[in-house]
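The sequence shown maps to residues 2 to 504 in the numbering used here. Glycine residues also receive a C-beta, built at the ideal position from the N, C-alpha and C atoms. For reference, the structure discussed in these notes is given below.
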Amino acid sequence: MDRPEIERRTLAYLDEHDGEAVELLRGLVRVRSLARQEGTARLPGTIVARLRPELGHGGVSEVVEQDLGPTSQNLIEVLGQPTAERCFVIDAHTDTVPEGQPSGWFDGDPFSAADGAVHYLGNRRIRLEVGRHQHEVPIRDRMARVWETKRSVRSMPIVYGRGSFDNKAAVASTAMAMRALAATGARLAGTVVAAYVADEEETGTGVHALCDGPESWLGSRGYLGGPRDANGFLINVSGVALDGSYGYTPVVGHRGSLLLILNVHGRAVHASTPFLGVSAVEKMSRLLVELADGQSELVEQRLLPRMDAELLGPPTLAIGTTIVGGGVRAVVRQGDRPVVERGGTNAVPDWCEATVDLRYPPGRDYPAGLEAFPELVRAEVEAFLHERVSTDGWSFSVRLPHDRGGYPCALGRTPAEAARHPLVAMARRAGERVLGYVPDVETAPGGTDATVMIHAGRIPTLVEMGAAGGLSHDYHEFAERDMITAGAKVLALMAIDAVGTAG
2 MDRPEIERRT
12 LAYLDEHDGE
22 AVELLRGLVR
32 VRSLARQEGT
42 ARLPGTIVAR
52 LRPELGHGGV
62 SEVVEQDLGP
72 TSQNLIEVLG
82 QPTAERCFVI
92 DAHTDTVPEG
102 QPSGWFDGDP
112 FSAADGAVHY
122 LGNRRIRLEV
132 GRHQHEVPIR
142 DRMARVWETK
152 RSVRSMPIVY
162 GRGSFDNKAA
172 VASTAMAMRA
182 LAATGARLAG
192 TVVAAYVADE
202 EETGTGVHAL
212 CDGPESWLGS
222 RGYLGGPRDA
232 NGFLINVSGV
242 ALDGSYGYTP
252 VVGHRGSLLL
262 ILNVHGRAVH
272 ASTPFLGVSA
282 VEKMSRLLVE
292 LADGQSELVE
302 QRLLPRMDAE
312 LLGPPTLAIG
322 TTIVGGGVRA
332 VVRQGDRPVV
342 ERGGTNAVPD
352 WCEATVDLRY
362 PPGRDYPAGL
372 EAFPELVRAE
382 VEAFLHERVS
392 TDGWSFSVRL
402 PHDRGGYPCA
412 LGRTPAEAAR
422 HPLVAMARRA
432 GERVLGYVPD
442 VETAPGGTDA
452 TVMIHAGRIP
462 TLVEMGAAGG
472 LSHDYHEFAE
482 RDMITAGAKV
492 LALMAIDAVG
502 TAG
């Protein structure tokens with residue numbers, strides 16, 4: 002069987018099983034799957050137990066259950082020639098962020114997997130319709146461009162619910178792509194690895210277990226020890242990190258992330274004589290206001306001269322993502338409102354802690370100095386604040402935690418260079434064939450598992466691809482229904498392109 006026939010049979014299979022693909026997505030959405038609570042194949046009612054029977058159909062592919070802990074597991078599906086050098090890795094995470102308050106969702110059900118429709122209204126706005134409910138909301142510029150420049154229609158059917166877009170649509174597409182490749186009976190010249198990984202939304206234990214070091218799954222199978230190019234990247238292994246995206250548009254880079262922890266130390270006194278003390282909370286407010294008011298100066302004069310922002314854009318700061326101080330002991334939710342457990346309300350607080358989420362493009366020497374660059378950024382922020390805020394009688398510090406942050410990653414230094422990358426060309430060929438248009442090349446605002454695949458695994462990786470949809474990490478998350486089969490087709494064609502066929 003030659004390659005054109007393999008591709009024809011694969012696409013035909015997916016067309017014939019479109020309804021099955023959508024039902025798979027619905028079934029996945031109905032299962033809650035927080036990070037490190039994805040479950041195992043032996044824990045009924047979990048996402049891993051729900052997904053496991055959907056893999057390895059016909060006994061053609063191998064399915065590995067990789068334990069990460071008592072309540073978390075990767076599933077790894079392997080198809081093709083296990084001894085071949087060429088390997089294509091599809092990373093699709095199975096966890097989601099929390100759903101928030103049920104009352105924020107239509108009919109109070111975050112996991113309904115209900116059918117509905119999305120209508121593009123123009124000017125970056127959409128309207129969702131699910132049953133008798135409607136909701137209007139703005140969307141990202143990148144998705145608006147797809148609506149405005151690539152599509153002739155202004156409405157699409159959707160599947161509604163937490164995780165539908167980020168990332169269960171991609172999980173369903175991956176499972177269907179692997180099923181279709183197996184069903185053709187094709188002999189691939191390499192190996193396709195579909196990794197349904199855990200914990201992408203928090204600490205990335207799933208992707209690290211997949212590809213970080215010789216003890217990882219790919220390392221133990223010998224895939225990380227092959228020949229490398231002049232930049233140290235593997236030549237025979239490539240991959241894609243799937244996430245909620247823009248309709249299988251290839252994303253070639255994302256900025257890094259830093260969590261800056263600001264600590265203020267004041268002087269506690271009785272609240273009846275506040276002039277004798279120094280309120281750490283008040284001083285923290287001054288620091289945060291200075292960061293907000295002086296953000297342009299900080300970025301343009303201190304940070305950008307050290308960064309290469311041509312592809313990924315300038316750094317941004319989300320100021321005060323958390324803040325706590327004084328006698329706050331705990332915060333719990335009761336219904337729709339937070340309840341603060343506090344004491345010491347009659348004292349001037351002597352401590353306060355806040356966080357700032359800073360996203361940044363690569364340094365000018367990227368990838369050199371990758372590990373040292375976050376400390377350079379931290380020091381610049383701290384110096385900026387010391388110059389602008391007097392600290393008479395009090396002190397503050399800015400530090401980095403040990404376990405929070407991801408490096409920037411990119412398939413080129415400029416948009417033109419990234420667009421020439423072989424992986425991007427492969428994705429655009431497949432996209433044009435399936436979607437009927439040549440997808441643009443985009444960058445992502447947030448991080449993905451590609452950070453680990455690129456920097457730890459040294460695997461050339463498309464930083465993000467995935468279904469069209471929206472409102473990930475928000476109420477009313479949705480994925481476009483027709484993207485499930487379309488995504489499976491794109492992934493299958495890319496896999497065939499990446500590893501080739503053996504006739």
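Residues that residue i bridges to, as DSSP identifies them
i: TRP395; result: Paired residues: none, contrary to the question.
i: ASP358; result: LEU260 and ALA319
i: TRP352; result: HIS266
i: HIS136; result: LEU129
i: SER239; result: PHE89
i: ALA22; result: ALA22 is not bridged to any residue.
i: HIS255; result: CYS410 and ALA445
i: ASP516; result: The structure shown has nothing for residue 516, since the chain only spans 2 to 504.
i: LEU80; result: VAL193
i: VAL119; result: LEU129 and MET157
i: THR97; result: LEU35
i: SER113; result: Paired residues: none, contrary to the question.
i: SER246; result: ALA469
i: GLU342; result: ALA331
i: ARG400; result: ILE262
i: VAL198; result: HIS94
i: ARG229; result: LEU235
First and last residue of the uninterrupted alpha helix (DSSP H) at residue i
i: ARG143; result: 142 to 151
i: VAL500; result: 484 to 500
i: PRO416; result: 416 to 420
i: GLU383; result: 374 to 389
i: ALA14; result: Residue identity differs from the one stated: residue 14 is Tyr in this sequence, not Ala. Note, TYR14: alpha helix (DSSP H), 4 to 17.
i: GLY220; result: 218 to 221
i: ALA451; result: 451 to 456
i: LEU182; result: 170 to 184
Residue i: first and last residue of the uninterrupted beta strand (DSSP E) it sits in
i: PRO158; result: 156 to 161
i: GLU465; result: 462 to 466
i: TYR438; result: That residue, TYR438, is in no beta strand (DSSP E); it is neither H nor E in DSSP.
i: ALA480; result: 479 to 481
Nearest to residue i (by Cα), restricted to the options the options
i: GLY344; options: ARG338, VAL332, ALA355 and ASP108; result: VAL332
i: ARG155; options: ALA184, ASP142, LEU211 and TYR121; result: TYR121
i: SER258; options: LEU401, TRP218, PRO45 and ASP142; result: LEU401
i: ASN232; options: HIS422, PRO446 and PRO368; result: PRO368
i: VAL253; options: ARG27, GLU465 and ALA503; result: GLU465
i: PHE479; options: HIS18, GLU55 and GLY164; result: GLY164
i: VAL491; options: ARG429, VAL282 and ALA420; result: ARG429
i: ASP351; options: PRO315, PRO275 and VAL425; result: PRO275
i: GLY248; options: ILE485, GLU201 and VAL349; result: ILE485
i: PRO362; options: VAL329, GLU311 and LEU29; result: GLU311
i: THR150; options: ASP441, SER239, PRO158 and GLY470; result: ASP441
i: ARG229; options: ALA487, ARG459 and THR502; result: ARG459
i: THR206; options: ASP92, ARG43, ALA269 and ASP483; result: ASP92
i: ALA496; options: VAL238, THR452 and MET308; result: VAL238
i: ASP96; options: VAL138, GLN67 and VAL49; result: VAL49
i: LEU25; options: GLY364, LEU52 and ALA426; result: LEU52
i: ALA183; options: VAL147, GLY117, ALA118 and ARG10; result: ARG10
i: ALA170; options: ALA493, ARG414, ALA487 and TRP218; result: ALA487
i: PRO316; options: ASP358, GLU202, VAL325 and LEU129; result: ASP358
i: VAL329; options: PRO339, ARG256 and GLN335; result: PRO339
i: ASP200; options: GLY245, ALA417 and ARG37; result: ARG37
Original post:
In chain order, which continuous runs of the beta strand (DSSP E) of length 3 or greater are located wholly inside the segment 28 to 77?
Top reply: Those beta strand (DSSP E) runs which fall completely within the segment 28 to 77 and span 3+ residues are 63 to 70.
Subject >> Start-end ranges of the alpha helix (DSSP H) lying completely within the segment 267 to 340, minimum 4 residues >> reply: Taking 4 residues as the minimum length, the alpha helix (DSSP H) runs contained wholly in the segment 267 to 340 are 281 to 294, in order along the chain.
Subject >> the segment 196 to 204 touching the segment 61 to 80, judged by at least three CB pairs closer than 8 Å >> reply: Below 8 Å, enough C-beta pairs join the segment 196 to 204 and the segment 61 to 80 to call them touching: three or more.
Original post:
Should the segment 81 to 92 be regarded as contacting the segment 179 to 193, the criterion being three or more beta carbon pairs within less than 8 Å?
Top reply: As far as the Cβ criterion goes, the segment 81 to 92 touches the segment 179 to 193, which means the pair count is three or higher.
Original post:
So does the segment 136 to 150 actually touch the segment 53 to 70, counting three or more Cβ pairs closer than 8 Å?
Top reply: Short answer: they don't touch.
Original post:
Is there contact here, the segment 416 to 426 with the segment 164 to 178, by at least three beta-carbon pairs under 8 Å?
Top reply: Short answer: they don't touch.
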